[in-house]
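J.:
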Amino acid sequence: MAAPGTRVWDAPTRIVHWLLVAGVAFSWWSAEAHHFDWHRISGLFVLLLLLFRLIWGFVGSDTARFSKFLRGPAATWRYARTLPDRAAETAVGHNPLGGWSIVAMLLALVAQVGLGLFAVDMDGLESGPLSDLVSYEAGRQAAEIHEAAFNVLMALIALHVVAILFYAVYKRRDLVRPMITGRARIDAAEPLRFSSAARALVAMAVAATVTWFVANGLKF
Amino acid sequence: MKFGAVYVATAAILLSGGAVAATQSPKAVAHARHEGMEAIGKAFTIVNKQLRSGSPNAAVVRTQAAAINRLAIASNGWFTPGSGPGQGFKTHAKAAIWTDAAGFRTAQQNFLTEAAKFDQVARGGNIAAVAAQAKALGGTCKGCHDKFAEED
Chain P
4 MAAPGTRVWD APTRIVHWLL VAGVAFSWWS AEAHHFDWHR ISGLFVLLLL
54 LFRLIWGFVG SDTARFSKFL RGPAATWRYA RTLPDRAAET AVGHNPLGGW
104 SIVAMLLALV AQVGLGLFAV DMDGLESGPL SDLVSYEAGR QAAEIHEAAF
154 NVLMALIALH VVAILFYAVY KRRDLVRPMI TGRARIDAAE PLRFSSAARA
204 LVAMAVAATV TWFVANGLKF
Chain G
52 MKFGAVYVAT AAILLSGGAV AATQSPKAVA HARHEGMEAI GKAFTIVNKQ
102 LRSGSPNAAV VRTQAAAINR LAIASNGWFT PGSGPGQGFK THAKAAIWTD
152 AAGFRTAQQN FLTEAAKFDQ VARGGNIAAV AAQAKALGGT CKGCHDKFAE
202 ED
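Residue numbers (my numbering), protein chains in the order written: chain P, 4 to 223; chain G, 52 to 203.
1) Sort out for me which residues DSSP pairs A210 of chain P with in a bridge.
2) Anything in chain P within Cβ reach of N99 of chain G, meaning under 8 angstroms, just list it in chain order.
3) Using the C-alpha atoms, what's the distance from T66 of chain P back to A118 of chain G?
4) Just to confirm my understanding: we take C195 of chain G, look at its own chain, exclude 5 residues before and 5 after, and list those with CB closer than 8 angstroms. What are they?
5) Can you look up R68 of chain P in the DSSP assignment and give me helix, strand or coil?
6) In the segment 136–182 of chain G, which residue ranges form an unbroken alpha helix (DSSP H) of at least 4 residues, counting only runs that do not cross its ends?
7) Among P:D88, P:F69, P:R84, P:S70, which one has its Cα closest to the Cα of R175 of chain P?
8) So which residues of chain G does V155 of chain P contact, with C-beta pairs closer than 9 angstroms?
9) Within the 8 angstroms Cβ cut-off, does T164 of chain G reach chain P?
10) Take the Cβ of P194 of chain P as the centre, count every other Cβ of all protein chains shown within 10 Å, and call the residue buried at 16 or more, exposed below.
11) Leaving out five residues before and five after S134 of chain G in sequence, what residues of the same chain have Cβ atoms less than 6 angstroms from its Cβ?
12) Check for me: the alpha helix (DSSP H) holding I124 of chain G runs from which residue to which?
13) Pick out whichever of P:F39, P:G96, P:L51, P:L100 has its Cα sitting closest to the Cα of L159 of chain P.
14) Please state whether the Cβ-Cβ distance between K93 of chain G and Y139 of chain P is less than 8 angstroms.
15) Please determine if the segment 35–42 of chain P and the segment 149–168 of chain P are in contact, where contact requires at least 3 C-beta pairs separated by less than 8 angstroms.
16) Under 8 angstroms: do the segment 69–77 of chain P and the segment 94–110 of chain P share three or more Cβ pairs, one atom per stretch?
17) Can you pull the DSSP bridge partners for R186 of chain P?
18) To the nearest angstrom, how far is it from the Cα of S33 of chain P to the Cα of G26 of chain P?
19) Under the rule that 16 or more other beta-carbon atoms within 10 Å means buried, what is I189 of chain P, buried or exposed?
20) So, at 7 angstroms on beta carbons, what are the nonlocal neighbours of A6 of chain P in its own chain, with the 5 sequence-adjacent residues on each side left out?
21) Give me the Cα-Cα distance between A166 of chain P and A206 of chain P, rounded to the nearest whole angstrom.
22) L221 of chain P to F55 of chain P, Cα distance in whole Å?
23) Can you tell me which of the three DSSP states V123 of chain P falls into?
24) Three-state secondary structure (DSSP) at A200 of chain G?
If you want it as structure tokens, here you go:
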């Protein structure tokens, strides 16, 4: 029998996940509503979360590490073939498909935020914190691609939501609750290692420092 | 140099504007309009970059303010009828420019007024006044574009 409430997701991973949802949603809304002062702040906030998550992917708890949940094409394909099964999930943390979709979303976010940093608007009124480093023409290009790239991000997020629903309805596995509480009803094949709060604070400090420099236009 | 490039660009646009007025090709008008708007945006970006920096260069701001004012005056020739949407060429101009001619003229006049004022204020040495007027000028960009320009 599966052990009830096995700890799977650490707090930093969970918190960053939900803050990203809020940050991306607010970034989208603030741009639509032309509140670019807010958009700039929320964009930097997403940058902060993104930087933390990328660092945490290397030094975080087992279930947060890229090396632990990313598999090669063969293993990923093997996993994909089990999708039609209604059997209970056995993967602890991200399964191979989930793992690659995470990477896709993170890359889309890196592109989205990265372009935004250099973007300038039509009127010369609003501009990203690093736009001073590039020409006006380059900034306009960045703005246009930044807008187009959001469609890619939206598609990936939609796919992510559909996948979660698929697992909930078809495979009868709730993936949302564990991302909130951190606990799932599964057996961990080997004991999971969790990174300390101190390490998370150091990772956050590094992310915050980089974000601060970016916010100030990388002027040293 | 940045302001050198703006002189050349402005001259080119004003000259092409003159040539365009003579030929009256709607597509050419739309093109001159697009180039002109980009030139204004570029000049204003330079202004705002200066104002955001710790030590704004008054000479740079003066040059860009003068350029924006010249382009604002030139914009009177950028909206000939038939140079709007649905004519077979790409444009950010909305049909409302011609269907709500009075509203558009008001918005355009606001731009001309604030651009002239900005040129004036930039010749003085008061950076706080320049910053305030830059903000007012920016408001006229938005004020017109919100109603009469398609989003990117």
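No residue lacks a Cβ here, since even glycine has one placed at the ideal position from N, Cα and C.
T.: So, from the data block:
1) Paired residues: none, contrary to the question.
2) Within 8 angstroms Cβ-Cβ: G127, L128, S130.
3) The C-alpha of T66 of chain P is placed about 58 angstroms away from the C-alpha of A118 of chain G.
4) The answer, listed in chain order, is F155, A158, Q159, N161, F162.
5) In this structure, R68 of chain P counts as coil in the three-state DSSP scheme.
6) Entirely contained in the segment 136–182 of chain G, the alpha helix (DSSP H) runs reaching 4 residues are, in chain order, 147–150, 152–174.
7) For the options P:D88, P:F69, P:R84, P:S70, the alpha carbon positioned closest to that of R175 of chain P is the one of P:D88.
8) In chain order: nothing, as chain G lies at least about 17 angstroms away.
9) Put simply, the CB of T164 of chain G is far from chain P, with every gap to its CB atoms at 8 angstroms or more.
10) That one is exposed.
11) So the qualifying residues of the chain are P77, V80, A81.
12) Taken as a continuous stretch (DSSP letters only), the alpha helix (DSSP H) holding I124 of chain G covers 109–125.
13) Ranking the options by Cα distance to L159 of chain P, first place goes to P:L100.
14) It is a contact, given that the beta carbons lie within the stated cut-off.
15) Verdict: no, contact absent.
16) With the cut-off at 8 angstroms, the segment 69–77 of chain P and the segment 94–110 of chain P touch.
17) Paired residue(s): P:R10.
18) If I take the Cα positions, the gap works out to 10 angstroms.
19) Classification for I189 of chain P: buried.
20) Residue placement at A6 of chain P cannot be trusted, given a pLDDT of 46 that sits under 50; what the coordinates show is reported in the next sentence. Here the set comprises D190.
21) As the crow flies, the alpha-carbon of A166 of chain P is around 30 angstroms from that of A206 of chain P.
22) Spanning the two alpha carbons is a distance of roughly 19 angstroms.
23) V123 of chain P falls in the strand class under three-state DSSP.
24) Strand.
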